[in-house]
Amino acid sequence: MEIKIVLIGRSNVGKSSLFNCLASCNNAIVSSLRNTTRDRQYQTIFSVMNIKCIIIDTPGVDLIKKKYNSSEWLNLHHVIEESDIIFFLVNAQEGCVSYDNDLSKLIRKKNKPVFLLVNKIDSINLNNVLYDFLLLGFKNTYFISAKKKINISFFQNKILLPYIKTFITNNKKYRLFINNENIKNKLKTIRIAIIGKPNVGKSTIINNILKTNRMVTSDRPETTRDSIQTSYIYKDIEYIFFDTAGIRKKKKNIQSIEKNAVKQTIKSVIKSDLSILVMNSSEELSYQDLFLIRYLKIQLKPFVILINKWDLIPSHKKSFFKKNVLRVLHFIPHIPILFISGLFNKTIFYYIKKVISQVYKSMTTVLYTSTLTKLLHKILKKKQPPMIQGKKIKLKFAHPEQKCNYSYSKIIVIYGNKTHLLNNNYVAYLTNMFQKELQLIGTSIKLIFKNTNNPYIHN
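Residue numbering for the sequence shown is 1 to 459, as defined by full-length UniProt numbering.
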């Protein structure tokens, strides 16, 4: 949101000099020659309540030329319509001329706040021109010198800034913006990476959620070239989606492109809270799919799997297809799998939101030492660690890892004696039991084993 302040005036009244003063830059070329400024220039001068105040420098318009240069005339009308506040500049050294009167009539018709700035007062006696400019009838009239910076600081800090604050509070459009910004700052935000191979329907799914066509979609693979971020607010939650370029099958001639796609996907996964892996129901589970699943599991990143284009599977084959998918993905029973059609399922967000809520609840669940230790003892009652070389392994207590690279990581540290002798099968059993008992949907856990130290061992 922004407030646009436009500088209007004849040629050579000092608009560019004032522009540079207020913007604290030298973007506008200043010259004594008329019509030096040919194009509009925009510059932010300050921000008030998260609303930018932008000043616009315009070419000088001598209205006598309007019959001969219609584009210049139309441009003046357009820039005035575009603005919220008008700075009408006049030249004190030349006095109030007929062009100024013509401009004042045009400006009045626009019914916008106007500041009449009488510039170049540094080398004249104000009393000689004061009455003429006051006759223009603008309430907010101030006398300045942009070149010598006379009254510039006073005008900007004591006049303009307080006026802008009042202007914002009295304007419904800006009040709504500020309220929305305050609400937005209080929203719970969930960042979601949409990942998968090319042409599996990632962009179509986001478009369906947003009810727009913000993402370009096509049957041609690789339509999305860059990671695209878009947000959707629903019931006090802001969902931020990252649509990524698909990870393709490796080929010798596109190795560098493939690396970029992988890097881009991984970046999106890292900066997101959870990921949605989209797969194509009409294709078999591929190397790329398994790569992403393993990566997400190893990195302990929460995720959901969407099997898209479900409408392409004949009804009599759907049951067999589901069983086959669940069989192949048996090693991630805690990961939700949805079978959907991003193109035709108009209530897709209802199902996605529901499962995202479940995953978000799991990933934000706080684990406590007492809970984990009780759970460990419960699991041990069902199945003790196997004896290794005649030695009994004892597991005593468990607690959550405090120092995790990822804030939602679920790492559990289990203490005991001879824990280094535990075999992989029993570690997998413990992991699965903790996963099941904690009911962490879409969120993987990792177990770390440490030996308890006997303080008297060296005595």
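Cβ atoms here follow ideal geometry from the backbone N, Cα and C, with glycine treated the same way. Model, not experiment: these values are computed from the prediction.
Per the DSSP secondary-structure output, VAL48 pairs in a beta bridge with ILE51. At the C-beta level, LYS197 and SER286 come within 8 Å of one another. Around the beta carbon of ILE5, a 10 Å sphere encloses 16 or more other beta carbons of the protein chains shown; the residue is thus reported as buried.
Residue environment analysis places VAL366 among the exposed positions, since fewer than 16 neighbouring C-beta atoms fall within 10 angstroms of its C-beta. A Cβ-Cβ contact shorter than 8 Å links ILE195 with THR265. Between the C-alpha atoms of PRO59 and TYR351 there is a straight-line separation of about 55 Å.
DSSP, reduced to helix, strand and coil, places SER282 outside both helices and strands of the structure shown, so it counts as coil. Shortest Cα-Cα distance from THR189 to any of LYS172, LYS52, ILE233, ILE8 involves ILE233.
A Cβ-Cβ contact shorter than 8 Å links LYS147 with GLY14. Scanning the UniProt domain "GTPase Der C-terminal KH-domain-like" (369-450) from its first residue to its last, the whole beta strand (DSSP E) runs of 3-plus residues come out as 394-400, 410-417.
Taking the C-beta atoms as reference points, LEU274 is found nearer than 8 Å to ILE192. Under the three-pair Cβ rule at 8 Å, the segment 363-380 does not count as touching the segment 322-340. Listed in chain order, the beta strand (DSSP E) elements of length 3 or more contained wholly in the segment 118-193 are 140-143. One thing to note: LEU117 has its Cβ no nearer than 8 Å to the Cβ of TYR99. About 6 Å separates the beta carbons of LEU312 and SER281, which is inside the 8 Å limit, making them a contact pair. Ranked by how close their Cα comes to the Cα of LEU292, the residues ALA398, PHE303, CYS96 have PHE303 in first place. In chain order, ILE190, ILE192, SER231, TYR232 place their CB closer than 7 Å to the CB of TYR239, counting only its own chain and leaving out the 5 sequence neighbours on each side. By the neighbour-count criterion, in which a residue is buried when 16 or more other Cβ atoms sit within 10 angstroms of its Cβ, ASP57 is buried. In the DSSP assignment, the residues bridged to GLU238 are THR189, ILE233. VAL328 places its beta carbon 8 Å or farther from that of LEU306.
In the DSSP assignment, ASN324 falls within the unbroken alpha helix (DSSP H) covering 315-328.
For LYS4, the enclosing beta strand (DSSP E) begins and ends at 2-9.
In the three-state scheme derived from DSSP, where H, G and I count as helix and E and B as strand, VAL355 is classed as helix. Remark: C-beta atoms of GLN43 and ILE51 do not approach each other more closely than 8 Å.
With 16 or more neighbouring CB atoms inside 10 Å of its own CB, PHE241 falls in the buried class. In this structure ASP289 is buried. Its beta-carbon is surrounded by 16 or more other beta-carbon atoms within 10 angstroms. Considering only PHE155, ILE8, GLN93, the residue with the shortest C-alpha distance to ASN75 is ILE8. Of the candidates ILE144, ASN208, GLN299, VAL97, GLN299 places its Cα closest to the Cα of THR443. Minimum Cα-Cα distance from PRO113 among the listed residues MET49, PHE397, PHE167 corresponds to PHE167. Counting along the chain, the unbroken beta strand (DSSP E) around LEU338 starts and ends at 337-339.
If you ignore the 5 residues before and after LEU421, its C-beta comes within less than 8 Å of the C-beta of ILE388, GLN389, LYS391, ILE393, all in its own chain and listed in chain order.
The criterion of a C-beta distance shorter than 8 Å is not satisfied by ALA428 and ILE412. Here GLN439 is exposed, its C-beta having fewer than 16 other C-beta atoms within 10 Å. With distances taken between CA atoms, ASN91 lies nearest to ILE121 out of LYS374, ILE121, ALA23.
When the five nearest sequence neighbours on each side are left out, the beta carbons in the same chain lying within less than 7 Å of the beta carbon of ASP132 are those of GLY95, CYS96, in order along the chain. If you look at ILE205, you'll find it in the alpha helix (DSSP H) that goes 202-210.
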